[in-house]
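Read the structure below first, then the notes.
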Amino acid sequence: MNVYADLIDLIAPGVTPEQIIDFKPLTEAQDRLSELLFKNRTTRLNAEEERELDRFRDMEHIIRIAKVRARKYVEKR
403 MNVYADLIDL IAPGVTPEQI IDFKPLTEAQ DRLSELLFKN RTTRLNAEEE
453 RELDRFRDME HIIRIAKVRA RKYVEKR
């Protein structure tokens with residue numbers, strides 16, 4: 403699963419600030435993140451899982467920043 407695919411699919415055709423604010427990852431991605439977080443708490447992730455979790459964290463950070471900026475843009479209108 404490519405964690406970046408959902409965001410790329412959102413922005414590729416062009417988006418409004420409202421669409422950025424409303425963006426939520428697919429259920430599959432949310433489920434996978436939950437699995438990784440649970441495994442990280444209860445056992446140990448292998449190297450690939452650690453990289454995957456890092457990508458999820460990076461993506462979450464980017465999405466949060468984009469949502470904050472989109473909200474500011476909407477408020478200025």
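In our numbering, each residue's number is its place in the sequence shown (first place is 1) plus 402.
Each residue gets a CB set at the ideal place from its N, CA and C atoms; glycine is no exception.
Since Leu412 is in the alpha helix (DSSP H), which residue starts that stretch and which ends it?
Ala407 to Ile413
Are Leu438 and Glu454 close, meaning C-beta to C-beta below 9 Å?
yes
Our contact map puts Asp456 next to Ala431 with C-beta atoms below 8 Å; I'd like the distance itself, whole angstroms only.
Contact flag wrong, Cβ pair sits at about 15 Å.
DSSP on Phe440, reduced to helix/strand/coil?
helix
Distance, Arg466 Cα to Lys441 Cα
24 Å
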